[in-house]
């Protein structure tokens, strides 16, 4: 009887181990299915390049009095990146934009680009440039000098990332085109060691009070 009970005990232990092993394998498979670490940095850079090319071609136009413009950009089979752009006048806390009055003289603005799903796990990255326009460089042209006050990059949720190399520099002597840049390095589990690099985001003032933004990216 004791021998029978011992054998039964071993059988139950064996079944329990197999069930736990199966459960562990199932959990691991589920995690791996959603584990965005399978996406390498080269793929992230490729997606970012597609997004920036699209924005350079389509995003410099009238806001039509909307608070922002939103684009759903395909970057791969079944993969859509959402890009939302706004140009907000800080003092009035409202967004403006048109082919004639995107910006005006002596005014402070926040230009913001919000990217969702670059890595593919619902990640949200917000790139913001706070800048101030000066007086027109010539009468009747509505072309303004631009001074960048601050460049910030934020990930949502607001933890688990490092921001680096935020910068700005003048691209011509009249200070009407200014380049900005920086990167965000994610450290959260699903996004660990993934970098979204804003290599060169240039803000330019054109005739007619028009703000034009151009996105460049590094090709390895």
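In this note's numbering, the protein residues as written are -17 to 202. Backbone N, C-alpha and C fix where the C-beta goes; we use that ideal spot for every residue, glycine too. All values reported here derive from a predicted model rather than from experimental measurement.
So who's on the other strand from residue i, going by DSSP bridges?
i	result
residue 126	118
residue 150	162
residue 48	Note: residue 48 sits in no beta bridge, so no partner.
residue 180	164
residue 61	58
residue 104	Answer by DSSP bridge pairing: none, since residue 104 is not bridged.
residue 194	186
residue 134	110
residue 145	166
residue 204	What the structure shows of the chain is the stretch from -17 to 202, and residue 204 is not part of that stretch, so it cannot be assessed.
residue 53	65
Rounded to whole angstroms, what's the CA-CA distance from residue i to residue j? Just pull it up for me.
i	j	result
residue 121	residue 87	12 Å
residue 192	residue 25	34 Å
residue 54	residue 60	12 Å
residue 29	residue 57	6 Å
residue 179	residue 119	32 Å
residue 189	residue 170	44 Å
residue 109	residue 96	6 Å
residue 198	residue 111	16 Å
residue 38	residue 31	11 Å
residue 42	residue 157	20 Å
For residue i, which option in the options has the closest C-alpha, if you only look at C-alpha atoms?
i	options	result
residue 90	128, 40 and 56	128
residue 124	67, 115 and 130	115
residue 181	24, 34, 22 and 25	34
residue 148	20, 163, 39 and 23	163
residue 187	196, 159 and 197	159
residue 69	152, 185, 190 and 189	185
residue 143	153, 157, 152 and 168	168
residue 153	139, 196, 50 and 138	196
Can you have a look at residue i and say buried or exposed, based on whether 16 or more other CB atoms are within 10 angstroms of its CB?
i	result
residue 176	buried
residue 132	exposed
residue 67	buried
residue 94	buried
For residue i, which residues in the same chain have their Cβ closer than 6 Å to its Cβ, ignoring the five residues on either side in sequence?
i	result
residue 145	135 and 166
residue 98	64 and 106
Kindly list the residues whose CB is nearer than 7 Å to the CB of residue i, restricted to its own chain and excluding five residues on each side of it in sequence; keep chain order.
i	result
residue 173	18, 101, 103 and 105
residue 84	69, 191, 192 and 193
residue 150	130, 133, 160, 161 and 162
Output needed for residue i: all residues of its chain with C-beta closer than 8 Å, excluding positions within five of it in sequence on either side, in chain order.
i	result
residue 36	53, 55 and 65
residue 117	87, 88, 126 and 127
residue 40	53
residue 62	54, 55, 56 and 99
Verify the contact flag: residue i, CB atom, against every heavy atom of the ligand SAM, threshold strictly below 6 Å.
i	result
residue 134	In terms of ligand content, the structure shown is empty, and the ligand SAM therefore cannot be addressed.
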